[in-house]
Amino acid sequence: MRSALRSRVADALTASANLIHAIWPDPGAPLPSTVDIDTRIRELSTAHHNLREQYDGQPLRPGGATARDRALMQLIDELSRLRLFLKWRSEPEVLVFPPNVRLASTTATTLAECAAAIHGDSACPDPNQISAAREHHRNAAETFATEQLKAGRSADIKDVVDTGFQLRIAALFSEIIARNTRVATGSKPARHELATGGVSLEVPEPTPGRILRSNLTLRSPWMRNSLRAGLALAIAIAVVAFTQVDHGFWVALGTIAALRLDVVGTTKTALRAIIGTTAGFAIGSAILFALGNQEIALWILFPVAVFLSAYTPAVMGVAVGQASITIFVIVLYSIIIGPTFKTGQDRVIDVAIGLAISLFVSLLMWPRGVSAKMRESLSTSISASTDYMVATYGQLTGGDITTAEFDAAHTRAATAGTTAYETFDQTLSQARSNPAQIAAWAFMVNASGHIRASADLIAWIDRSGRSPRGCPAYNASLLAAAEFVRARIDTSTEMLGQAFDTDRASAVLADDALMHESTGQLAAVPGDPFGALDESVKVCLAGFEGDQADRGIDPGANAISTVWAQDWLIHLNWVADQVALVTRRAAVASDGAEAAASSPAAETVTK
95 MRSALRSRVA
105 DALTASANLI
115 HAIWPDPGAP
125 LPSTVDIDTR
135 IRELSTAHHN
145 LREQYDGQPL
155 RPGGATARDR
165 ALMQLIDELS
175 RLRLFLKWRS
185 EPEVLVFPPN
195 VRLASTTATT
205 LAECAAAIHG
215 DSACPDPNQI
225 SAAREHHRNA
235 AETFATEQLK
245 AGRSADIKDV
255 VDTGFQLRIA
265 ALFSEIIARN
275 TRVATGSKPA
285 RHELATGGVS
295 LEVPEPTPGR
305 ILRSNLTLRS
315 PWMRNSLRAG
325 LALAIAIAVV
335 AFTQVDHGFW
345 VALGTIAALR
355 LDVVGTTKTA
365 LRAIIGTTAG
375 FAIGSAILFA
385 LGNQEIALWI
395 LFPVAVFLSA
405 YTPAVMGVAV
415 GQASITIFVI
425 VLYSIIIGPT
435 FKTGQDRVID
445 VAIGLAISLF
455 VSLLMWPRGV
465 SAKMRESLST
475 SISASTDYMV
485 ATYGQLTGGD
495 ITTAEFDAAH
505 TRAATAGTTA
515 YETFDQTLSQ
525 ARSNPAQIAA
535 WAFMVNASGH
545 IRASADLIAW
555 IDRSGRSPRG
565 CPAYNASLLA
575 AAEFVRARID
585 TSTEMLGQAF
595 DTDRASAVLA
605 DDALMHESTG
615 QLAAVPGDPF
625 GALDESVKVC
635 LAGFEGDQAD
645 RGIDPGANAI
655 STVWAQDWLI
665 HLNWVADQVA
675 LVTRRAAVAS
685 DGAEAAASSP
695 AAETVTK
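All residue numbers for the sequence shown refer to our numbering, where the first residue is 95 and numbers rise by one.
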């Protein structure tokens, strides 16, 4: 699996590099690309779909055993965020700002080198080359803004700064990807911490204590699974102690072997296990009947039985695996104590007892598994992420929010996001949900993480001392826009999983038709505060004209931060568009699936 996963990671890296080249072409390139941006977007979407198909819901995927595995997992998450950011504005740059060309070229080249390193074809890239290009780009943008303000041309700043914002964030995500690529391929980690303008962008890793506290709740899928497994084993041990069966450990192993996330999965596994065990007993008995007391023949058969018992459970499924293990047990005990059918009989009985215990516990505790909590988990995660985003803007604008409140919002968002990811993975393992809902859940889980990561980067503006100053009207407009985006996303999230009647479904599909094909943006939403925010930015920039050094303000940095804070909200409002579209389509598809399942034709097919 890991080799296939790494191959798909490399494909996604290559597709991302190609799209960056297409959006920000190098005018001086000797052989400019002839492939259009739409084609590059389709290539990236296909590569991303193939990657998530290989990665999502896999219980044995890399994620915690080694530093290399954890780095690969983080690399995949950052690839999802990079893809979402690249799809935001997918038009070629018209207003060329020379530092953009250098940054885009360095970023795309580094991503291509990451792909080659993941494939094992070359050495790991140096992420510091993107870091140096980002710093050069920031300094050039601030110098440009300062010069325009001194010349009284504040109106020329915003368009130029806007052209570099999307690229800067794409470069930042790419630098994080390059840092993780080094670790994932076994190279030494990057020497310097991730930073911009001398201010760290590193987000502290959660401590073991915080991870433990976040899972000490019945909302946590791991807490639920632990409680179910603990109760099942306790019952198994009690049954063994009460009945005094000869091979009590088989009861415990049978219990654990069949226990799944929900009662349906446990039932299916238990049936396969008992069928396989019974078949193994029959085959083993036939072997004993044929070989009798021929110990040499049993020794010849023994390594074959060992191999099959180790190989078949993971490769050929539960039934064949249990049959192979039963045959191995019969052969082993026949060598040790002599040929006997009693060992096989005992195994069938003990395994059956264990399977019955697993079924009982599955019926008793959360029989529907974690999928019933998927929508609640997503809503909690999205809400916590948007609350954290608003808290970030509250701190940025000097609002009424304390450091303790801000830190608490960040912790809630991180904890809820982790729970949502884990619940989603285990829901995929159950694999019985509506495909449209699964697709929507996948997007929403990634969107929640993207909003949280965006808020982390917005917080850098405040930590760096570059918070916009001297514009009360702008600050008020900024906070109003942040609250507007939060309301849009939270309202759309409530729609996920709800059934629509026919009239409402038609209205939703009509709304979808308003989407602009080039950007994926919906038509203007009533009460949209972004027009007022744009005007306040222009007024604020005009107020920066002249020399502000005597007030202790870096005019260029102040102007850049003013525009970037707005750009982040414009991007997050676009994310709100995508959330609205995905949840509406999923709800309509879910409603259609339920209607089809309850129709007479569906009943006939079922019968």
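Where a beta carbon is used, it is the ideal one built from N, C-alpha and C, also for glycine.
Taking residue 252 as the centre and dropping the five residues before and after it, the same chain places the C-beta of 631, 632, 635, 657 closer than 8 Å to its C-beta, in chain order. Residue environment analysis places residue 467 among the buried positions, since at least 16 neighbouring C-beta atoms fall within 10 angstroms of its C-beta. For the pair residue 562 and residue 652, the CB atoms are nearer than the 8 Å cut-off. Around the beta carbon of residue 457, fewer than 16 other beta carbons lie within 10 angstroms, which makes this residue exposed. Pairing residue 138 with residue 427, the inter-Cα distance amounts to about 56 Å. Secondary structure of residue 217 (DSSP, three-state): coil. Put simply, of 99, 429, 169, 378 the residue whose alpha carbon is nearest the alpha carbon of residue 388 is 429. DSSP, reduced to helix, strand and coil, places residue 235 within a helical segment of the structure shown.
In the DSSP assignment, residue 181 falls within the unbroken alpha helix (DSSP H) covering 161-182. The alpha-carbon separation between residue 229 and residue 582 amounts to approximately 34 Å. In this structure, DSSP gives residue 284 a state outside helix and strand, which the three-state scheme calls coil. Cβ neighbours of residue 173 within its own chain (closer than 6 Å, five residues either side excluded): 106. Here residue 346 carries a helix assignment [DSSP, helix/strand/coil]. Between the segment 202-213 and the segment 101-119 there are three or more inter-stretch CB-CB distances shorter than 8 Å, so the stretches are counted as touching.
By DSSP's assignment, residue 521 forms no beta bridge with any residue.
When the beta-carbon positions are compared, residue 424 and residue 411 stay at least 8 Å from each other.
Annotation: residue 115 to residue 264 spans about 12 Å, alpha carbon to alpha carbon. Nearest Cα to residue 131 within the set 374, 318, 183, 100: 183. The beta carbon of residue 178 sits closer than 6 Å to those of 544, all from its chain and outside the five residues before and after it, given in chain order. Around the C-beta of residue 197, 16 or more other C-beta atoms lie within 10 Å, and the residue is accordingly described as buried.
In this structure residue 588 is exposed. Its beta-carbon is surrounded by fewer than 16 other beta-carbon atoms within 10 angstroms.
Sorting 568, 346, 195 by C-alpha distance to the C-alpha of residue 231 places 195 at the top. When secondary structure is reduced to three states using DSSP, residue 129 falls in the coil class, being assigned neither helix nor strand. Taking a C-beta distance under 8 Å as the contact criterion, residue 521 and residue 314 do not qualify as a contact pair. Per DSSP, residue 565 lies in no alpha helix (DSSP H) segment and is marked neither H nor E.
Exclusion of the five residues before and after residue 191 leaves 254, 257, 258 as the residues of its chain whose Cβ lies within less than 7 Å of its Cβ. Below 8 Å, enough C-beta pairs join the segment 571-579 and the segment 481-490 to call them touching: three or more. Assignment of residue 495 by DSSP, reduced to helix, strand and coil, places it in the coil class. In the DSSP assignment, residue 316 falls within the unbroken alpha helix (DSSP H) covering 315-337. Residue state for residue 118 is assigned as coil, using DSSP reduced to three classes. The segment 404-418 makes contact with the segment 367-377, as at least three CB pairs between them are under 8 Å.
Residue 341 carries a coil assignment under DSSP once its states are collapsed to helix, strand and coil.
When the alpha-carbon of residue 454 is set against those of 133, 539, 354, the nearest one is in 354. In the three-state DSSP reduction, residue 397 falls in the helix class (H, G or I). Excluding the 5 residues flanking it on each side, residue 141 has same chain C-beta neighbours closer than 6 Å at 105, 106, 109, in chain order.
Contact between residue 193 and residue 234 holds, with the beta-carbon distance rounding to 4 Å and staying under 8 Å.
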